[in-house]
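S.K.:
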Amino acid sequence: MDSPTFLRMSGVRKRYGGVTALDGADFEADSGTVHAVLGPNGSGKSTLLKVLTGVVGPDAGQVRLDGAPLRPRGPRDTLTAGISSVYQELSLVEDFTVLDNLVLGVEPSRFGLRDRRAALARSLPWLERFAPAFGGRVPVRERVSDLDPGERQVVEVCKALVRDPRVLVLDEATASLRRGQVEVLFEVVDELRARGVLILFITHRLAEIYAVCDRATVMRNGTDVATVAVAGTPEAELLELMSGRPSAAPSGTRGPGTPAVETPTEGPATAPDATAAKDQDTDPATSPRLEVRDLTGDRLHGVSLKVRAGEVLGLGGLQGQGQSELMAALFGAARRTGGTVLLDGTPVRARSPKQAVRAGFCYVPGNRGTQGLALGRPILENLALPSVGRRAFLGVGLSRRREVAAARAVAERVNTRYGSLNDPVSTLSGGNQQKIVVGKWFPTEPAVVLMDDPAKGIDVGAKAEMFDVVAELAASGAAVIVGSSDDRELVEVCDRVLVMFEGRVVDEVSGDRLTEDTLIASAMHVTGADVAAAREGHTSELPDPEPRHAEEGGA
Amino acid sequence: MNLLRGTGTQDLPGPVRSVMSVHMPALAVGLLLLVTVTASAILQPGFFSPYGLSASFATFLPLATIAAAQTIIVLGGGIDLSIGTIVTLSSAVSVVLMQGDDARLPLALAAGLATGAACGLFNGLVVAVLRLQPIVATFATSSVFGGLALLVLPSPGGQVSPILTGTYRMVLAMYVPIPAVLLVVLFLSWRMMRGTRYGQHLYAVGGNAEAAYTSAVPVSRVRVLSYTLGGMVASLAGVALLADAGAGDPTLGTELTLGSIAALVIGGTRLRGGSGGVGGALVGAVVLSLIQGLVFFAGVPTNAREFVYGCVIIAAIALAGLLTAREGSASGASGGRR
């Protein structure tokens with residue numbers, strides 16, 4: 000080998016508890032290229048790049064950069080080695096000015112004091128280069144907290160560039176950018192490539208990969224599957240590599256981006272045809288239990304859907320495309336800015352979870368420790384909590400016997416194994432805990448069950464049992480909505496899956512088409528038109544307040 | 000969450016908003032200073048006489064110094080409930096070594112400073128390396144330091160060197176008491192430190208530790224150093240107390256700690272870190288001392304003094320909070336994800 004590969008990662012392994020995020024992944028990339036890293040949720044692509052930037056320490060494996068071994072103990076070491084990353088979760092100090100953020104950690108100083116002039120000299124060229132992305136201004140002295148999310152992301156990019164990197168990692172860096180900002184970024188990426196910088200690019204927009212990337216490495220199940228030249232690889236082949244099997248459901252039958260959805264998915268501009276919808280609903284057999292029309296809110300741009308009683312509807316797509324926000328909005332935990340929610344044909348406008356529960360909604364969060372359970376309290380109390388008001392005598396008096404009977408009935412119904420109802424919930428296994436989170440809603444006889452990644456981090460057997468509980472809830476007449484980052488789970492549990500992208504429903508998958516492959520393809524298969532359309536109404540939202548980036552560390 | 004953003008300042012252009020949010024706390028504490036000084040001048044006979052000024056600044060300086068120490072720690076995202084007992088321990092060490100002898104003064108001062116730094120370092124290691132909750136950890140170390148102080152100096156007493164007390168009561172050019180000069184020196188040293196890379200890193204760690212870490216700021220080192228510096232500055236407050244009182248007292252402790260926190264909050268420092276500054280805390284400490292004096296001179300009955308003092312402090316903190324709350328909630332809303 001006359002010219003050794005610029006960046007080589009070999010045999011990288013990383014486990015988070017019981018979950019293998021990286022299983023001996025190899026990765027190579029040359030300087031002066033733009034290299035995409037692709038893969039479905041949980042394929043390990045983010046973890047791989049976090050190992051490179053030193054944020055995550057690998058269990059095994061080696062990294063060599065420009066022939067020299069790299070053993071980072073933290074971001075300090077990788078920055079010295081010339082690796083800069085633009086983080087998905089922003090790494091800016093909000094109280095600082097843009098300038099102070101750009102040079103944070105690398106402040107030039109003279110005689111022990113910070114040298115503002117030198118800092119400006121280093122930062123200003125980049126800010127001026129990105130001026131079009133800031134609407135023509137150069138916000139040196141503005142505080143980051145006064146910038147909008149897109150502008151903050153641009154500051155983040157500038158911050159990485161000020162460090163003069165040899166390797167630049169762009170991890171979903173375009174997600175919150177407007178079209179004009181993306182254009183400037185891509186121009187700069189071209190310039191950097193010409194200067195011999197290696198740019199590693201993670202995005203969920205396939206169109207962008209074809210726009211800037213030279214090569215692409217596809218990850219699946221914690222290993223690298225293939226590295227291909229982007230120019231010579233058709234989209235279908237990339238999707239095939241990602242899903243691992245030749246895609247049985249030919250994406251050609253469906254015009255890309257034209258959703259085969261029965262429910263209306265028009266944008267906020269076109270109001271749904273209310274009269275037509277009413278005509279459909281007159282037949283009680285097919286009328287939906289829950290109907291959502293054109294719901295808008297934080298990260299939601301006109302979501303419409305219908306769920307019948309006894310139906311399990313899945314919310315799929317890439318992580319953080321508005322699935323959690325949709326459920327939070329339905330449960331009254333997040334503000335709605337528009338749209339209608341109809342429960343059995345009656346409009347519901349829940350402003351708080353309490354009102355939502357009264358209307359017949361219940362919510363099963365993925366994070367049971369912080370949102371679903373009072374871990375230190377007895378099983379009895381946790382089971383009784385949502386329904387306690389219904390059994391109380393005159394609204395206040397509680398009979399312990401009735402509480403115990405009710406709790407025992409639920410525990411039996413969800414098949415929880417427990418020692419005593421007085422034991423704290425924390426003594427149960429994760430799966431049994433989650434069954435309590437679901438089961439506690441039984442006595443309230445919910446009409447709509449919202450589940451946000453309910454099987455996160457529980458083992459396979461417990462998962463199956465928990466989904467039995469879900470099926471039972473559905474059988475009792477509830478409309479169930481399940482959001483999950485695990486496509487297999489959706490295929491197994493759901494009757495129908497809506498694929499979401501940037502706050503909209505872009506596809507509906509049901510019947511024979513409901514396979515893992517279709518879901519992956521549908522989630523990734525977003526054309527430029529879709530991106531543009533999605534971006535229209537998507538100009539100034541805050542980034543996902545809780546980015547669900549811990550895809551590999553789901554356990 | 001952007002619906003929570005301020006209602007009034009939202010329409011202003013970014014730079015104007017930035018300037019306003021930076022200077023709001025300064026305006027608030029400045030206003031409080033003006034009110035308390037005016038009230039003192041009216042109620043307190045001879046407030047502006049050379050003797051009155053000297054006496055006032057002699058009481059300001061210890062609280063101001065300890066507030067400065069606490070501010071350094073709070074800015075970095077920590078808090079130190081042991082800071083009062085660091086003051087007592089280091090002053091006890093100093094006074095025991097001093098034995099009223101001027102020749103031993105340098106040794107005693109150095110030992111006091113070293114004691115303060117060591118206590119701070121210990122706190123810093125416990126908090127940043129063992130990762131214990133700062134409130135709980137420093138509450139525990141507060142008993143340790145307080146207990147040590149009692150071992151070193153079992154009862155109030157000891158002889159302070161005459162040079163120290165004499166210098167402390169000197170008044171330059173008729174109207175400039177030495178403690179006032181020291182207050183200015185303290186502020187200038189802080190401005191100096193604020194200008195270094197460390198000063199910047201302190202704010203970054205307090206503002207967003209995760210962002211600081213990914214930006215290659217040595218977060219743990221910054222934290223440990225903030226506690227150590229805080230301990231050192233606290234020991235200076237111990238020296239000021241010795242000079243003012245002429246003797247040591249091993250029982251001061253908690254009162255000083257809570258005073259330091261109240262002073263920095265009045266001075267506009269955010270308790271969760273990353274925003275504020277020592278300048279505000281110094282003025283806040285002066286305001287707090289003045290209020291204490293005012294309650295006395297306003298003729299409040301002895302038994303009601305504590306009550307009135309407390310109520311006035313609440314009002315002062317509320318005023319400082321109200322004037323800065325709008326910006327605080329805006330950055331709190333967008334920064335709330337951490």
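For the record, the sequence lines run as chains B and H. So that you can map any letter, position 43 of the first sequence is 42 in numbering that gives the first Met the number 0, and since no number is skipped, the others follow by simple counting. So that you can map any letter, position 120 of the second sequence is 119 in numbering that gives the first Met the number 0, and since no number is skipped, the others follow by simple counting. We put the CB at the ideal spot given by N, CA and C, even for glycine.
Assign residue 58 of chain B to one of two classes, buried (16 or more other C-beta atoms within 10 Å of its C-beta) or exposed (fewer than that).
M.R.: exposed
S.K.: Under a CB-based cut-off of 8 Å, is residue 70 of chain B close to chain H?
M.R.: no
S.K.: Using a Cβ-Cβ cut-off of 8 Å, state whether residue 273 of chain H counts as contacting chain B.
M.R.: yes
S.K.: Please report how far the alpha carbon of residue 209 of chain B lies from the alpha carbon of residue 232 of chain B, in whole angstroms.
M.R.: 10 Å
S.K.: Would you identify the three-state DSSP class for residue 92 of chain H, choosing helix, strand or coil?
M.R.: helix
S.K.: Which whole-angstrom value is the C-beta distance of residue 496 of chain B and residue 508 of chain B, which I expect to be below 8 Å?
M.R.: 5 Å
S.K.: Please report the distance separating the alpha-carbon of residue 64 of chain B from that of residue 96 of chain B.
M.R.: 33 Å
S.K.: Looking at residue 33 of chain B: is its Cβ nearer than 8 Å to the Cβ of residue 198 of chain B?
M.R.: yes
S.K.: Which ranges would you report for the alpha helix (DSSP H) in the segment 68-120 of chain H if only whole runs of at least 4 residues count?
M.R.: 82-97
S.K.: Please confirm if residue 232 of chain H has its CB atom under 8 Å from at least one CB of chain B.
M.R.: no
S.K.: Using beta-carbon positions only, say whether residue 81 of chain B and residue 165 of chain B come within less than 8 Å of one another.
M.R.: Yes. Within cutoff.
S.K.: Going along chain B, which residues have a C-beta under 8 Å from residue 217 of chain H?
M.R.: At a C-beta separation below 8 Å, residue 217 of chain H has these neighbours in chain B: 75.
S.K.: Which chain H residues sit within Cβ distance under 7 Å of residue 307 of chain B?
M.R.: Those do not exist, as residue 307 of chain B stays about 34 Å from chain H at its closest Cβ, beyond 7 Å.
S.K.: Please identify the residue among H/129, H/176, H/267, H/184 whose C-alpha is closest to the C-alpha of residue 58 of chain H.
M.R.: H/176
S.K.: Please report the straight-line C-alpha distance between residue 84 of chain H and residue 189 of chain H, rounded to a whole angstrom.
M.R.: Whole-angstrom Cα-Cα distance: 23 Å.
S.K.: Could you give the first and the last residue of the continuous alpha helix (DSSP H) run that contains residue 197 of chain H?
M.R.: Residues 196-206.
S.K.: What's the gap between the Cα of residue 518 of chain B and the Cα of residue 90 of chain B?
M.R.: 32 Å
S.K.: If we cut at 8 Å on Cβ distances, does residue 436 of chain B have a partner in chain H?
M.R.: no
S.K.: Out of B/445, B/325, B/137, which has the shortest C-alpha to C-alpha gap to residue 336 of chain B?
M.R.: B/325
S.K.: For residue 15 of chain B, write down the residues that DSSP places opposite it in a beta bridge.
M.R.: Answer is B/18.
S.K.: By Cβ distance below 7 Å, which residues in the same chain neighbour residue 372 of chain B in space, the five residues on each side in sequence not counted?
M.R.: 381, 424, 432, 435, 436
S.K.: For a test of the three-state rule: what should DSSP assign to residue 362 of chain B, helix, strand or coil?
M.R.: strand
S.K.: Since residue 447 of chain B contacts residue 288 of chain B with CB under 8 Å, what's their CB separation in whole angstroms?
M.R.: 7 Å
S.K.: In three-state terms, what does DSSP make of residue 242 of chain B?
M.R.: helix
S.K.: Just by C-beta distance, which residues in the segment 105-125 of chain B are closer than 8 Å to chain H?
M.R.: 105, 106, 108, 111, 112, 113
S.K.: With distances taken Cα to Cα, identify the nearest neighbour of residue 136 of chain H among H/89, H/226, H/317.
M.R.: H/226
S.K.: Let me know the secondary structure DSSP gives residue 218 of chain B once reduced to three states.
M.R.: strand
S.K.: Given that residue 103 of chain B touches chain H, what residues does it touch there, using C-beta distances under 9 Å?
M.R.: 199, 200, 203, 210, 211, 214, 215, 216
S.K.: Going by Cα to Cα distance, which pick from H/50, H/141, H/67 is closest to residue 87 of chain H?
M.R.: H/141
S.K.: So is residue 310 of chain H buried or exposed if we call it buried at 16+ other beta carbons inside 10 Å?
M.R.: exposed
S.K.: On the three-state DSSP scale, how would you describe residue 9 of chain B?
M.R.: strand
S.K.: Name the chain B residues that come within less than 8 Å of residue 194 of chain H, Cβ to Cβ?
M.R.: 112, 113
S.K.: Taking only three categories from DSSP, how would you classify residue 230 of chain B?
M.R.: coil
S.K.: Please work out which residues of its chain come closer than 6 Å, Cβ to Cβ, to residue 451 of chain B, disregarding the five sequence neighbours upstream and downstream, and give them in chain order.
M.R.: 323, 326, 364, 365, 482
S.K.: Using a cut-off of 7 Å between C-beta atoms, extract the partners of residue 78 of chain B located in chain H.
M.R.: 215
S.K.: Flag this pair as yes or no: are the beta carbons of residue 272 of chain H and residue 74 of chain H separated by less than 8 Å?
M.R.: yes
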